[in-house]
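Student: Using this note's numbering, read the sequence shown as starting at 84 and increasing by one per residue.
Just so you know, even glycine gets a beta-carbon here, dropped at the ideal spot from N, CA and C.
Please read these numbers as outputs of a predicted model, since none were measured by experiment.
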Amino acid sequence: MNKALISLLFVSSLAACSGDDGTPGNPGEPGGPPASEINALNIEVSEVVFSSEIATVNYRITNENDEPVVGVPSATYLAAQLLPQGFTNAGDASQWQYFTSESCSNSCDGDFVDHKNGQYSYTFSGAFNGMNNIAFMPGATQRVVIKVGGDTLPDGTALPVTNQHFDWQDNGSEPAYTRNLIEMQTCNTCHNDLAFHGSKYNEVETCVTCHNADKVSNPDNVFAPMVHSKHLTGFPVSLADCQTCHVADETLTENMNWARVPTMQACGSCHTNIDFPSGQGHPAQVDNSNCVACHNPDWTMSAHSQADTDAVLAQFNAEVVSAELNGDAVNFEIRLSNPATNEVYSDSADKLDFINDLRVYANFGISVDYTTRSAKSIKLQDIEPISGSNGTYQYQIAGLTLSDDPTTDKGTLALQGRLCSNGAMLVNCDDTETTTTIDSSYQFFSATEVTDQGRRMVVSNETCGSCHGDQQLNYHGSRNDLEQQCQLCHNPNMQADASAINPAASTADYKHLAHTLHAGSRESYPDINYPGNIGNCAQCHTTDEAGILTAALPLSAAVQPLAFNDGSFTSATSAICSACHLSDSAKAHMTQQGGVFNGSEADATAGTESCATCHGQGAAVDVLKVHPIQ
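1. Buried or exposed: where does glycine 544 fall if 16 or more other Cβ atoms within 10 Å of its Cβ makes it buried?
2. Let me know the secondary structure DSSP gives isoleucine 357 once reduced to three states.
3. Where does glycine 154 land, buried or exposed, given buried means 16+ other C-beta within 10 angstroms?
4. Determine the direct distance from the alpha carbon of cysteine 290 to that of asparagine 246, and round the result to whole angstroms.
5. Leaving out five residues before and five after serine 372 in sequence, what residues of the same chain have Cβ atoms less than 7 Å from its Cβ?
6. Can you check whether the CB of asparagine 576 is closer than 8 Å to the CB of arginine 456?
7. Let's test the definition: count the other Cβ atoms within 10 Å of the Cβ of isoleucine 631 and tell me whether it reaches 16, buried, or not, exposed.
8. For glutamate 402, which residues from the same chain have a beta carbon less than 6 Å from its beta carbon, with the 5 sequence-adjacent residues on both sides left out?
9. How about glutamate 407 and aspartate 433: do their beta carbons lie closer than 8 Å?
10. Quick one, which of Ser184, Asp592, Ile584 has its alpha-carbon nearest glutamine 578's?
11. For the beta strand (DSSP E) containing serine 470, list its first residue and its last residue.
12. So what does DSSP say about methionine 214, is it helix, strand or coil?
13. Under the DSSP definition of a beta bridge, which residues are partnered with glutamine 477?
14. Extract the residue ranges of the alpha helix (DSSP H) inside the region 249-295, only unbroken runs of 4 or more that lie entirely within it.
15. Compute the Euclidean distance between the alpha carbons of alanine 702 and alanine 695, then round it to the nearest angstrom.
16. Just checking my contact of cysteine 547 with cysteine 623 at CB under 8 Å: how many whole Å lie between their CB atoms?
17. With glutamine 717 as the anchor, note down where its alpha helix (DSSP H) starts and where it stops.
18. Please return the same chain residues whose Cβ sits closer than 7 Å to the Cβ of valine 320, not counting the five positions on each side in sequence.
19. Nearest-angstrom Cα distance between serine 385 and threonine 626?
20. What does the Cβ neighbour count give for glutamate 532, buried or exposed, with the cut at 16 atoms within 10 Å?
21. Compare the Cα-Cα distances from glycine 232 to each of Gln268, Ser186, Ser256 and report the closest residue.
22. Looking at the unbroken alpha helix (DSSP H) that takes in alanine 695, where does it start and where does it end?
23. Does the region 270-284 come close enough to the region 598-615 that 3 or more CB-CB pairs lie under 8 Å?
24. Kindly give me the distance between the Cβ atoms of threonine 599 and alanine 655, rounded to whole angstroms, as I take these residues to be in contact under 8 Å.
25. State the Cα-Cα distance for the pair lysine 493 and serine 529, rounded to the nearest angstrom.
26. For histidine 698, count neighbouring Cβ atoms within 10 angstroms of its own Cβ and tell me buried if that reaches 16, exposed if not.
27. Indicate whether the contact test is met: 3 or more Cβ pairs, each with one atom in the region 253-271 and one in the region 216-229, closer than 8 Å.
28. Express the C-alpha separation of aspartate 358 and proline 237 in angstroms, rounding to a whole number.
29. Span of the beta strand (DSSP E) holding alanine 162?
30. Considering only residues of the region 525-593, which uninterrupted alpha helix (DSSP H) runs meet the minimum length of 4 residues and lie entirely inside it, listed in chain order?
31. Which word fits tryptophan 341, buried or exposed, when buried means at least 16 other C-beta atoms lie within 10 angstroms of its C-beta?
32. Looking at phenylalanine 437 and cysteine 350, is the spacing between their C-beta atoms short of 8 Å?
33. Using only alpha-carbon positions, find the residue among Asp686, Ala507, Asn414, Asn304 that is nearest to alanine 390.
34. List the endpoints of the continuous beta strand (DSSP E) containing threonine 656.
35. I need the DSSP call for histidine 710, collapsed to helix, strand or coil.
36. CB-CB under 8 Å to aspartate 535, same chain, minus the five flanking residues each way: which ones, in chain order?
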């Protein structure tokens, strides 16, 4: 008997929690054949009917193919209303007021009807007026939230959790106004599937329905101060960058609210050194009525803006325009220009007084993820070029270690630096101590020329930037190109501690460094708390030219084994997987499949690993299938 038929038989005999006399479904469009496979649930609220001050919500539940889902066994219903901005006092932000949470499972607080065609109705247990000691405001924006899932249909089909909100007015019209500041999609650029309270609730609109002053007893758990305070530690970009979360989006009803409506509650949750009522760290403020007088939107946006940095960076670009090997040296030309004016700077870097630091690094041998542990470098601001004029100048980095066949291999040049600035302007370094870090860049080169083809790209500045901000994460002063620059030094020539419990967490080889940093397993970085699912490789990894995620097996032939300080090696795939899969049984499994742990270099590179047989692309337990990749 198929699942659809079982569902129909069950619901035809199921007495509703109350109010269903077994009559045919809700008038309107037929539901169609019920869903037999469910990977996602969608809730569509058609209306909220207000009768005798009691609300009835009518809604439809479907699967990912818009097929009706019949026989959903339980649901939770939340209700709240919105106080407009300034209602409680001048300067106060709009705020939700919580009415009630009612549930329906084996029994119901109110009246529940399953119309047996994917349509459902729920009538709340009473009038909202007076619930939770809140007075109902006729004409105000009301919100109902429906949560379903986390259980199964009668035939055993699992139901994923979903929440859906619906804003309405008691006169039946569309609400004139609602409070939406942030999209959940923005949160999930770092957090993946962010959900709370046993993964029951996964929408911002649901969170604010309860996390308001009329529901929570601790004011620190009101949504805005709660979220701000949770991001005070471990936030991967500057706290001053409000638009990391408050992304400009004109579809949001309170787009730019963070700059437009400053309040002591919101601002004080980040500026924790200020006590507004007592006047500590700020002139005394008894309420929010005077905040906007000083902190108007333009001022607030300017104080939290990267506009000056962007303007400075727009005035400078360093570009490698040619490169070739000359023995064990690379000769290359640099062009410095002002993109804002489309002009080339005629002077070389050592004569441009606004350059605080400009360095070029070089390493060779992308076939082996570079030949030496540390890239060679020169400081352009400290040396005269070998030759050149009118903005294009030649330099040399000597002493490179070349790979066995340099004519078929490639190298990489990486640029980094800082510019002296005052506001949005480049200025003489003698006149300021303020510097702006440029966006680091790189250029591949062959034995004879620059080339776009080079070391494989595993992560990109864009994927890293989804949490850290694009090229805003600076290491070693001014290195911020995470997709290629870091790897020039953080390569397989770095060695791990053979005595470490988790050896991968003791090496600075880039792939192991990145994995263990985000897994929180490096002893020297105890405060890192990765906000997403560590198994979601797509959060950081990019896709190759064929559209395959670079976390897929088999690994590129350029990936080297993990080297230890006692001269031993662990084979490449086992080394990467064991950075997260630390158990003895996982290690034993890898060994049984040809993995080598702390063996000779010959054994670790002999190609005995058969991991891709089962875990390769399209295989039974493809790593791209068994990891929670989104």
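Tutor: To lay it out plainly:
1. In the sequence shown, counting from the first residue as 1, residue 544 sits at position 461. In the sequence under discussion, the amino acid at residue 544 is asparagine, which differs from the glycine named in the question. Buried: at least 16 other Cβ atoms inside 10 Å.
2. Indexing the sequence shown from 1 puts residue 357 at position 274. Of the three classes helix, strand and coil, the one that applies to isoleucine 357 here is coil, per DSSP.
3. Your numbering for residue 154 matches position 71 in the sequence shown. When all chains shown are included, glycine 154 counts as buried.
4. Counted from its first residue, the sequence shown places residue 246 at position 163. Counted from its first residue, the sequence shown places residue 290 at position 207. Distance between the alpha carbons of asparagine 246 and cysteine 290: 10 Å.
5. Translated into the one-based positions of the sequence shown, residue 372 becomes position 289. Excluding positions up to five away in sequence, the list reads Asn172, Ala173, Gly174.
6. Indexing the sequence shown from 1 puts residue 456 at position 373. Indexing the sequence shown from 1 puts residue 576 at position 493. Going by C-beta atoms, arginine 456 is nearer than 8 Å to asparagine 576.
7. Along the sequence shown, one-based indexing puts residue 631 at 548. The residue is exposed, with fewer than 16 neighbouring Cβ atoms inside 10 Å.
8. Numbered from its first residue, the sequence shown carries residue 402 at position 319. So the qualifying residues of the chain are Arg418.
9. As a first step, residue 407 must be located in the sequence shown, where it is residue number 324. As a first step, residue 433 must be located in the sequence shown, where it is residue number 350. No, Cβ-Cβ distance for glutamate 407 and aspartate 433 is not below 8 Å.
10. Counting from 1 along the sequence shown, the entry for residue 578 is found at position 495. Nearest C-alpha to glutamine 578: Asp592.
11. Counted from its first residue, the sequence shown places residue 470 at position 387. Segment 470-472, the beta strand (DSSP E) holding serine 470.
12. Counting from one through the sequence shown, the residue named residue 214 turns up at place 131. Helix.
13. What you label residue 477 is simply residue 394 of the sequence shown in a count that begins at 1. Bridge partners of glutamine 477: Glu416, Ser470.
14. 267-274, 287-293
15. By 1-based counting over the sequence shown, the position of residue 702 is 619. By 1-based counting over the sequence shown, the position of residue 695 is 612. Distance between the alpha carbons of alanine 702 and alanine 695: 8 Å.
16. In the sequence shown, the residue the question calls residue 547 occupies position 464. In the sequence shown, the residue the question calls residue 623 occupies position 540. Yes, they are in contact, since the Cβ atoms of cysteine 547 and cysteine 623 sit about 7 Å apart, within 8 Å.
17. Outside the shown range of the chain (84 to 713) lies residue 717, about which nothing can therefore be said.
18. Within the sequence shown, residue 320 is the residue found at index 237, counting from 1. Once the five neighbours on either side are set aside, the close Cβ partners of valine 320 are Thr327, His551, Gly552, Gln555.
19. As a working note, residue 385 is residue 302 in the sequence shown. As a working note, residue 626 is residue 543 in the sequence shown. Approximately 37 Å, taken between the alpha carbons.
20. Sequence index remark: in the sequence shown, residue 532 carries index 449 (1-based). Glutamate 532 is exposed by the Cβ-count criterion.
21. Here residue 232 refers to the residue found at position 149 of the sequence shown. Per the Cα distances, Ser186.
22. Start at 1 with the first residue of the sequence shown, and residue 695 comes out as number 612. Run containing alanine 695: 694-698, per the alpha helix (DSSP H) assignment.
23. yes
24. Position 516 of the sequence shown, counting from 1, holds the residue named residue 599. Position 572 of the sequence shown, counting from 1, holds the residue named residue 655. Actually they are not in contact, since the Cβ atoms of threonine 599 and alanine 655 sit about 16 Å apart, beyond 8 Å.
25. In the sequence shown, residue 493 corresponds to position 410, counting from 1. In the sequence shown, residue 529 corresponds to position 446, counting from 1. If I take the Cα positions, the gap works out to 5 Å.
26. On the sequence shown, residue 698 is found 615 positions in, with the first residue counted as 1. Histidine 698 is buried by the Cβ-count criterion.
27. yes
28. Translated into positions along the sequence shown, residue 237 becomes position 154. Translated into positions along the sequence shown, residue 358 becomes position 275. If I take the Cα positions, the gap works out to 56 Å.
29. Residue 162 sits at position 79 when you count from the first residue of the sequence shown. Looking at the DSSP string, the run of the beta strand (DSSP E) that includes alanine 162 is 158-166.
30. 544-551
31. Counting from 1 along the sequence shown, the entry for residue 341 is found at position 258. Answer is buried; the Cβ neighbour count reaches 16.
32. As a working note, residue 350 is residue 267 in the sequence shown. As a working note, residue 437 is residue 354 in the sequence shown. Cβ distance not < 8 Å, so cysteine 350 and phenylalanine 437 don't count as in contact.
33. Along the sequence shown, read from residue 1 onward, the residue named residue 390 stands at position 307. For the residues Asp686, Ala507, Asn414, Asn304, the minimum Cα distance to alanine 390 belongs to Ala507.
34. Translated into the one-based positions of the sequence shown, residue 656 becomes position 573. Where threonine 656 is concerned, there is no enclosing beta strand (DSSP E), although the alpha helix (DSSP H) it sits in stretches over 655-660.
35. Stepping through the sequence shown from its first residue, residue 710 is reached at position 627. DSSP places histidine 710 in coil when its eight states are reduced to three.
36. For the purposes of this step, residue 535 is taken as residue 452 along the sequence shown, with counting starting at 1. Phe527, listed in sequence order.
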